[in-house]
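A.B. asks: The structure follows.
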Amino acid sequence: MQLLKASGRHGRLAATLTSILLVLPASAAPGYRRSDQQQDRNGQTDPFAVLDPQNWVNPDNMTWDDWRTPPGTNWADPSRKGSVRNFNIALVTVDYSDKEFTVTREPHSDPFGNPQPSAANIRREDVTAFYRDFLNKPGELNMGHTLHEYWMGDSGGRYGVDLTAFGVYRLPLLSYQYGISDRMNLGACPVEGACNIEIRGDALRAWREDVGDEKADSFELVFILSAGQDESATWQEFGEMKFQTPEDVTDEFGPPKNGNGSHTNYARTRYVEWTSWASASTIWPNAGDGSSTQAESSGMGTFAHELTHLLNIGDNYNNPYGNPIRRSYTGPWSMMSRGSFNGPGGPHSRWQVPPVQGSSMGSLHTVRDKAKLGLVDNKSILHVSREALADSGLIVARVTARAINPGESELIGVRIVMDADNSPHCDIETDPFCDGNDYDNYELEVIDRMGADSFTPDSGVMISKTRTEAFGDYQWTIDANPQDIELLDFYRPDGTPVMITIGDYRQLADALFHAGTRSGSEYEYKDEANRLHFYIVDIHRDEEGVLSYTAAVRSLDQGKDPHKHGARLFLGKPKTAGDNKPTRGGLTCSFNLRNTGSYSSDAEKVEHPQDVSGFLKSDVYRLKATVKGDGWKVELPNALAAAEFGESTTVNVAVAAESSASLIAVVKLTATSESDPSVSATGLCFVNKLVN
């Protein structure tokens, strides 16, 4: 496999949208912007503007100002129920004799510096209602965001969440007896044999004894909410980020003094050799048998992630510190990968109680997972056979961002079904970039920083490989920028900077594909082994702020494509905008590209998984522009164009001249069919430095 047209990376720690962006009119989604090149299409100024720049954002630098509401929606409205159903979930709150709920304490009074002042000194009898409302009632503390909103938005209004709270129940054992397990924290129990206790047994027993089996059985799922931190959110921040060595961990973060006295203040944890005992002694969120476990630092992203497990979809993430190390699978783009960490402030803010930063707004599910969960109609995904593409010709489709509930004829994904994954075998033990082999499909979907995807790092097109039935390790994002992103992770206590590992999910912050040239990403991807070529043909952002892309997929095999292919370019017309002229800002040579080929209905006889005839009626053209004239330059904002058979499309070439340039320039545009490279057309555009 290879990436084509490699270009420079855009963005580092403080990647931001800069002056190349302007605010949309008032009718657009609040705060949405579109690029100068899109403005140029409507008579604005810069013909050389990048069509679809990649400006990825470090999660650490995100704030709640990054939130964008999908136009025309209010998914958080508690009066609106899911059209299919609301999940009926019990929230069972539990604490311990050695650990009451953090939010009952004074601000910053526990060893972790919690609770935050926004939620402190809450009476124990009010804790249950507090967390019920925090998780599922729009309010100031949760910025108006709820679990109900997440699932309604993710499913286009099909599924919501009803949350009924119970407790607080005092469990009979000490908190660390439930938190420490031999699987993650071997040797950390202060009293030998006293740990490894499954919290579900005592928590669910206390709840059932309180409400009765009939009431308990009326709920389809249970969230167990434990007092205190969760280990997932603290092991690094209160391990290697706070202490230089294991021996530096202070008594404040060590085991209770009433233990056997021989235990260290550090302990093993899931991903690395050590963290503070205080972190290791807390629960790690998990799900199974109709219930999930969370703690006070678990954000709504964690709850959504665990609920998905209860709906029978497994994890899709790696160990970013493993040996051997392996690249993240889908990183920040998937709720079942590290998208559950998303939210303002980045992953190292997930320790806070209440959790209103990292993990407070996890990403949407991938289209693969949406389909598995029934969150989207199957008709909204175009299913194509790789084997059939060679005989039917390429497909061209417009795909809408997955944050948008697709209309009757809209797509939110394309799936290329393969009878086998023909990629050369790779070994995950020796190659960190090995995808693990044996995938069933390719998927293409559009991600926009909108709705629950507001805290993903970028907007663009994700291409991935998927397994249809696997429970874990089932989706692999194709990284448009596979090189090390070179991102600072944190500083050790002695001031040493630590960069993110190759396995860190943020390595995929710049993975999305973008349309056009010079974006900092890629506009095409070719898998030679699987004989597929993907094209990101164009970007569209409508007046409401809805993002979509025109994409195409072609077989690399020369099959029996029945269509006649052709092309014609007409004389280009110089066009200026505003005060521009060739020597000031440049102008555009606008060409009419006509697809002179013809569609053959024989393509409809080729067996795809569904009727794809409506997507077989176009061709994709590769563009090349040159200029003859001293002191002149040209640039193609987009190196690709698509047109239906018998129809035309407009191709723009940016042209500019130095003050000392020759009077006349001749711009030459060549368009070559991707379906049949023997078919090409050439057009000329004459530009006068003084007249145009």
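Residues -28 to -1, 1 to 664 (mature numbering (1 follows the signal peptide of the UniProt record, and there is no 0)) make up the sequence shown, in order.
By construction, the Cβ of each residue, glycine as well, lies at the ideal position given by its N, Cα and C atoms.
1. What first and last residue would you give for the beta strand (DSSP E) that runs through Tyr507?
2. I need the straight-line Cα distance from Gly260 to Asp499, nearest angstrom please.
3. Per DSSP, Thr622 is paired with what?
4. Going along the chain, which residues of its own chain have a beta-carbon closer than 8 Å to the beta-carbon of Val389, five neighbours each way excluded?
5. Give me, in chain order, the residues of the same chain whose beta-carbon lies closer than 7 Å to that of Gly116; leave out the 5 immediate sequence neighbours on both sides.
6. Please state the DSSP three-state secondary structure of Tyr289.
7. Identify the residues that DSSP records as bridge partners of Arg526: which are they?
8. Just to check my reading of the structure: Leu559 and Asn664 have Cβ atoms closer than 8 Å, yes? What is that Cβ distance to the nearest angstrom?
9. Candidates Val470, Asp466, Gly273 and Ile474: which alpha carbon is nearest Leu454's?
10. Does Phe443 pass the burial test, meaning 16 or more other C-beta atoms within 10 Å, or should it be called exposed?
11. State the DSSP-derived secondary structure class of Glu78, mapped to helix, strand or coil.
12. Alpha carbons only, please: which of Pro649, Trp36 and Leu656 is nearest the one belonging to Gln329?
13. Under 6 Å Cβ to Cβ from Trp246, same chain only, skipping five residues before and after it: list those, please.
14. Closer than 8 Å by C-beta to Thr548: which residues in its own chain qualify, once you throw out the five before and the five after it? Chain order, please.
15. Could you spell out where the beta strand (DSSP E) holding Gln266 opens and where it closes?
16. Quick check on the burial criterion: 16 or more other C-beta atoms within 10 angstroms. Buried or exposed for Lys214?
17. State buried or exposed for Leu347, treating a residue as buried only when at least 16 other CB atoms are found within 10 Å of its CB.
18. In the structure shown, what three-state DSSP assignment does Val663 receive?
19. Taking just the CA atoms, how far does Ser426 sit from Asp451?
20. Residues in the same chain with beta-carbon distance under 6 Å from Ala653, minus the five sequence neighbours each way, listed in chain order, please.
21. Only counting the same chain, and skipping five residues up and downstream in sequence, which positions put a Cβ closer than 8 Å to that of Pro(-4)?
22. Provide the residue span of the beta strand (DSSP E) that contains Gln329, from first to last.
23. Between which two residues does the beta strand (DSSP E) carrying Phe106 extend?
24. Identify which residue in Asp32, Ala628, Phe225 and Arg130 has its Cα closest to the Cα of Lys342.
25. Does the separation of the CB atoms of Lys661 and Leu635 fall below 8 Å?
26. DSSP beta-bridge partners for Gly200?
27. Give me the Cα-Cα distance between Leu197 and Gly184, rounded to the nearest whole angstrom.
28. Here's the rule: buried if 16 or more other CB atoms are within 10 angstroms of the residue's CB, otherwise exposed. What is Asp399?
29. Select from Glu382, Asp403, Asp407 and Ala178 the residue whose C-alpha is nearest the C-alpha of Asn394.
30. For Lys589, which of helix, strand or coil comes out of DSSP?
31. Measuring CA to CA, which of Leu158, Leu119, Ala137 and Ala175 is closest to Pro144?
32. Residues in its own chain within less than 8 Å of Phe275 by CB, not counting five upstream and five downstream?
33. In terms of residues, what are the limits of the alpha helix (DSSP H) holding Tyr150?
34. Quick check on the burial criterion: 16 or more other C-beta atoms within 10 angstroms. Buried or exposed for Thr598?
35. If I'm right that Asp574 touches Pro534 with Cβ under 8 Å, what's the distance once you round it to whole angstroms?
36. Can you grab the Cα-Cα spacing for the pair Asp391 / Asn502, in whole Å?
C.D. replies: Here's the rundown:
1. Leu504 to Arg513
2. 38 Å
3. Asn564
4. His355, Val356, Ser357, Arg358, Asp412, Asn413 and Pro581
5. Ala48 and Pro110
6. coil
7. His505
8. 6 Å
9. Note on residue identity: the sequence assigns Pro, not Leu, to residue 454. Taking only the C-alpha atoms, the option nearest Pro454 is Ile474.
10. exposed
11. coil
12. Trp36
13. Pro218 and Tyr238
14. Leu559, Thr560 and Asn664
15. Ser263 to Ala267
16. buried
17. buried
18. coil
19. 20 Å
20. Ala539, Arg540, Leu541 and Ala643
21. Only weak support exists for where Pro(-4) lies, its pLDDT of 30 falling under 50; the value from the coordinates is given anyway. So the list reads Glu515, once near-sequence residues are dropped.
22. Careful: Gln329 lies outside any beta strand (DSSP E) and carries neither H nor E.
23. Where Phe106 is concerned, there is no enclosing beta strand (DSSP E), although the alpha helix (DSSP H) it sits in stretches over Val99 to Asn108.
24. Arg130
25. yes
26. DSSP, once it has assigned bridges, lists no residue as partnering Gly200.
27. 19 Å
28. exposed
29. Asp407
30. coil
31. Ala175
32. Leu107, Leu119, Phe195, Ser264 and Gln266
33. Ser147 to Gly151
34. exposed
35. 4 Å
36. 10 Å
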